[in-house]
Amino acid sequence: MTDAPEAPEPITPAVAEAAREAHGTNPWRLRDFRLLWGGRIAAVLAIQIQSSALLWQVYEIARRDHPIEEASLYLGLVGLAQFIPLLALTLPAGEMADRRDRRLTVAASIAVEGLCAIAFLAMALHGSPPLWGLLAVACLFGACRAFLAPASQAYLPMVVGRAALPRAIAAQSIAFQTGAIAGPALGGVIVGINVPLAYAAALGMFLFAFSAFLLIRTNGRPERVEGASRRWDAVKEGLKYVWTTRIVLGAISLDLIVVLFAGVALLTPIFARDILHVGPEGFGLLRAAFGVGAFSMALYLARFPIVRHGGKWMFAAVAVFGVCTIVFGLSKIAWISAVALMIGGAADMISVNIRQTLIQLSTPDHMRGRVSSVSMLFIGASNELGEAYSGVMVRLLGAVGAAVFGGAGALAATGAWARLFPGLRKADRLG
Numbered sequence: 029m030t031d032a033p034e035a036p037e038p039i040t041p042a043v044a045e046a047a048r049e050a051h052g053t054n055p056w057r058l059r060d061f062r063l064l065w066g067g068r069i070a071a072v073l074a075i076q077i078q079s080s081a082l083l084w085q086v087y088e089i090a091r092r093d094h095p096i097e098e099a100s101l102y103l104g105l106v107g108l109a110q111f112i113p114l115l116a117l118t119l120p121a122g123e124m125a126d127r128r129d130r131r132l133t134v135a136a137s138i139a140v141e142g143l144c145a146i147a148f149l150a151m152a153l154h155g156s157p158p159l160w161g162l163l164a165v166a167c168l169f170g171a172c173r174a175f176l177a178p179a180s181q182a183y184l185p186m187v188v189g190r191a192a193l194p195r196a197i198a199a200q201s202i203a204f205q206t207g208a209i210a211g212p213a214l215g216g217v218i219v220g221i222n223v224p225l226a227y228a229a230a231l232g233m234f235l236f237a238f239s240a241f242l243l244i245r246t247n248g249r250p251e252r253v254e255g256a257s258r259r260w261d262a263v264k265e266g267l268k269y270v271w272t273t274r275i276v277l278g279a280i281s282l283d284l285i286v287v288l289f290a291g292v293a294l295l296t297p298i299f300a301r302d303i304l305h306v307g308p309e310g311f312g313l314l315r316a317a318f319g320v321g322a323f324s325m326a327l328y329l330a331r332f333p334i335v336r337h338g339g340k341w342m343f344a345a346v347a348v349f350g351v352c353t354i355v356f357g358l359s360k361i362a363w364i365s366a367v368a369l370m371i372g373g374a375a376d377m378i379s380v381n382i383r384q385t386l387i388q389l390s391t392p393d394h395m396r397g398r399v400s401s402v403s404m405l406f407i408g409a410s411n412e413l414g415e416a417y418s419g420v421m422v423r424l425l426g427a428v429g430a431a432v433f434g435g436a437g438a439l440a441a442t443g444a445w446a447r448l449f450p451g452l453r454k455a456d457r458l459g
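Here my numbering is used: the first residue of the sequence shown is 29, the next is one more, and so on.
So, in structure tokens, the structure goes:
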């Protein structure tokens, strides 16, 4: 492993602002954004490859001694192990992102994630690692994500400025979906060859991402506000802002409830192995299909961002996402399942893009770390806690029943949130 390059001296806020104004709404003209974008792809690619290997490995170990329904509970434990530290640390991490250098926080978090990849690799080379060991490393990985997400989200507006933010968010979504497509697909193929190789590939990607963030020069220190609160008071201030800003609260909570019900990431190894019977390669295809749809939509939004009627577009997209989850649950044909996930991914990308834009534009810079941490806590609850929830629902309803019930729940939540948050439904301009 080669030494990472030394971090360059950060450029001053005044110089950074002048560069952002000169490049207008096109973030791609900014060197630091290109580095940030490349680092984002590498990090997401690493996470997805590692996640695919971990889910497959845990399910294979569990299925040696347990039927499908009980083995699914072990997959739920993977999500729960990552959610517990996320729950405990995300709010303090958001407060830290409003005090400390956001760029260095992201780089340090990625470095520790690389250490987790080394631990997974060492256990995979052992041959038959204990489940408790895999879950323990997953727990540490969840703690890293607690610090990574709020610092990363709050740093983006500092790099590109307000004018370029909608296009930058769409471009960041492209980076995420590139990793979301290639990661599961590569993970499925590599796992079919050798599980340790998948963890080694993830380690290489983490090293690349770490180096990219160290090369960014935009100052990551947030603005200091006179009379800044003590740490716990600052956390409460961020929570109060989210609670009293209805657009932000509605956008964050809608993501929580919909993905909690309709997230199907945990179900893909079950469907691939025991319902569709397509093996690890098909597992990679199903994992990638969602990302293909999201990636395609992200490309479109980067060129033609939604600037009007944002609330209506978001609610319509969430409804489509719920319908696609139901179709995925009922399908017994692999290509229909993949198409349902693909369309669901495109719909989810519309929702994510609008939601993130509304949150960023509605939040002052000195509070972005804390608001992003609350958003990340809700996203973490919907993803990791959602995996634990899905494991329980599979135990109670079976895999097909869990997917159909989740899709129906997402549709019901869409209607309820449209009534509870009329301001979010009526949100118009996104820029």
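Glycine included, each C-beta is placed from N, C-alpha and C at the ideal position.
| query | result |
| --- | --- |
| Leaving out five residues before and five after L327 in sequence, what residues of the same chain have Cβ atoms less than 8 Å from its Cβ? | I202 |
| As a quick exercise: from L82, L288, S180, pick the residue whose alpha carbon is nearest that of V165. | L82 |
| Decide if N247 is buried, meaning its Cβ has at least 16 other Cβ atoms within 10 Å, or exposed. | buried |
| Closest to G321 by CA distance: which of L243, P224, F204 is it? | F204 |
| Below 8 Å on the Cβ atoms is my guess for I77 versus A230; work out the distance and round it to an integer in Å. | 5 Å |
| Look at A90 and L295 and say whether their C-beta atoms are less than 7 Å apart. | no |
| Taking A431 and G357 to be in contact with their CB atoms under 8 Å, please state how far apart those CB atoms are, rounded to whole angstroms. | 3 Å |
| For E141, I'd like the list of residues in its chain whose CB is within less than 7 Å of its CB, leaving aside the five on either flank, ordered along the chain. | F169, C172, F234 |
| Give me the Cβ distance between A465 and P224, rounded to the nearest whole Å; I'm assuming they're in contact under 8 Å. | Residue 465 falls outside the range modelled here, since the chain spans only 29 to 459, and no answer is possible. |
| Do F343 and A375 have their CB atoms nearer than 7 Å? | no |
| Taking Cβ to Cβ, would you say A368 is nearer than 7 Å to C352? | yes |
| Just the Cα atoms here: how many angstroms apart are Y227 and R447? | 45 Å |
| Let me know the secondary structure DSSP gives T391 once reduced to three states. | coil |
| If we ignore side chains and look at the alpha-carbon of each, how far apart do A347 and M325 end up? | 16 Å |
| Determine the closest residue to P297 out of S365, W84, A192, with distance taken between C-alpha atoms. | W84 |
| Just how far apart, CA to CA, sit P450 and H337? | 13 Å |
| So L101 and R423 are in contact, right, with Cβ under 8 Å, and what is the actual spacing, rounded? | 6 Å |
| With H, G and I counted as helix, E and B as strand and the rest as coil, what does DSSP make of A50? | Since pLDDT at A50 reaches only 46, below the 50 mark, its modelled position is unreliable, and no value is offered. |
| According to the neighbour-count rule (16 or more other Cβ atoms, all chains shown, within 10 Å of its Cβ), is E309 buried or exposed? | exposed |
| Should G211 and L73 be called a contact, given that it needs their Cβ atoms to be closer than 7 Å? | yes |
| In whole angstroms, what is the alpha-carbon distance linking L452 and P333? | 18 Å |
| Looking only at its own chain, which residues have a Cβ that is under 8 Å from the Cβ of L149, when we skip the five neighbours before and after it? | P224, Y227, A228, L231 |
| Contact between the region 62 to 73 and the region 186 to 202: three or more CB pairs below 8 Å? | yes |
| May I have the straight-line CA-CA distance separating A372 from G291, to the nearest angstrom? | Here residue 372 is Gly; the residue named in the question, Ala, does not match the sequence. Cα-Cα distance, rounded: 10 Å. |
| Quick check: the Cα distance between Y87 and M421, rounded to an integer number of angstroms? | 16 Å |
| Where do the N-terminal and C-terminal ends of the alpha helix (DSSP H) with V165 fall, by residue? | 159 to 188 |
| Could you tell me the distance, in whole angstroms, from the CA atom of Q110 to the CA atom of G443? | 30 Å |
| Quick check on the DSSP output: what are the complete alpha helix (DSSP H) runs of length 4 or more inside the region 50 to 94, in order along the chain? | 59 to 91 |
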